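So the sequences go chain by chain: A and B.
Here the first sequence is numbered in my numbering, starting from 553 and rising by one per residue.
Here the second sequence is numbered in my numbering, starting from 3 and rising by one per residue.
See structure below.
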Amino acid sequence: GQSLEQPSEVTAVEGAIVQINCTYQTSGFYGLSWYQQHDGGAPTFLSYNALDGLEETGRFSSFLSRSDSYGYLLLQELQMKDSASYFCAVRDMDSNYQLIWGAGTKLIIKP
Amino acid sequence: NAGVMQNPRHLVRRRGQEARLRCSPMKGHSHVYWYRQLPEEGLKFMVYLQKENIIDESGMPKERFSAEFPKEGPSILRIQQVVRGDSAAYFCASSPRGTGDGTQYFGPGTRLLVL
């Protein structure tokens, strides 16, 4: 079956760097997306990786290794406003290209 | 350019009633997706629509749930004879392309509470 694994919670200090990992098991992997969701809010698109390597967008970067079925989201210079849940989601060919979502990682940032 | 709009933001229904959730996609987007999210969980895909067509409804329960995206007006997710287990946040997303780069733009969601 299709599954995604990511830690349920990560704690970091303001100004630090944090990495949120995502491993996936899907039959028709097409690409990996990351979304941010604040409590009570809507998911917001952060990044998308279809090819191996690192994609950088400001303080956020996302990495993909297709051979390892693994990706991560890297957040630098953490700010209190980054406290949120972060979801990885796989676009899967065998699921009609729909997004299959992980359960989310709650990022807690301490001053 | 307005984002994805959903209404109502909060909806309370008693068991057995009907719930209608509305979604207006971003301007220029003709692809709409509906998701359901339970507390502390990820989103679960329900249905994917283009104007006047249901493209993929593999994630939507066969009974009581229906969705439409008419030529004019918003997309509607309809839940008939609601039960307590239907209580969840329902998010709508839109995209300019159906199977593009994984970018979907989400609305603020409708929180449905069934008493």
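Note that CB positions come from ideal geometry on N, CA and C, so glycine has one too.
Note that the structure is predicted; figures quoted are calculated from it, not measured.
Handout entry: Helix, strand or coil at serine 644 (chain A) according to DSSP, with G and I counted as helix
Key = Per the sequence shown, the amino acid found at residue 644 (chain A) is aspartate instead of serine. Strand.
Handout entry: Near-chain A residues of the segment 11-44 of chain B - C-beta to any C-beta below 7 Å
Key = Glu43, Gly44
Practice task
State the CB to CB distance for the pair alanine 641 (chain A) and leucine 625 (chain A), rounded to an integer number of angstroms; the pair is presumed to be in contact (CB under 8 Å).
Solution key: Wrong, their Cβ atoms sit about 12 Å apart, outside the cutoff.
Practice task
Determine, using beta-carbon pairs with one atom in the segment 64-77 of chain B and one in the segment 44-55 of chain B, whether at least three such pairs fall under 8 Å.
Solution key: yes
Exercise for the section: Going by DSSP, name the residue or residues bridged to tyrosine 638 (chain A). Expected result: A:Gln588, A:Thr657
Exercise for the section: Please list the residues of the segment 597-625 of chain A that have a C-beta atom closer than 8 Å to any C-beta atom in chain B, keeping them in chain order. Expected result: Phe597, Tyr600, Ala602
Exercise for the section: Check whether the Cβ atoms of phenylalanine 639 (chain A) and threonine 105 (chain B) sit closer than 8 Å, and answer yes or no. Expected result: no
Exercise for the section: Measure the CB-CB distance between glycine 2 (chain B) and phenylalanine 93 (chain B) and report whether it falls below 8 Å. Expected result: The question about residue 2 (chain B) has no answer here: the residues shown for chain B are numbered 3 through 117.
Exercise for the section: Measure from the C-beta of glutamine 106 (chain B) to each C-beta in chain A and report whether the shortest distance is under 8 Å. Expected result: yes
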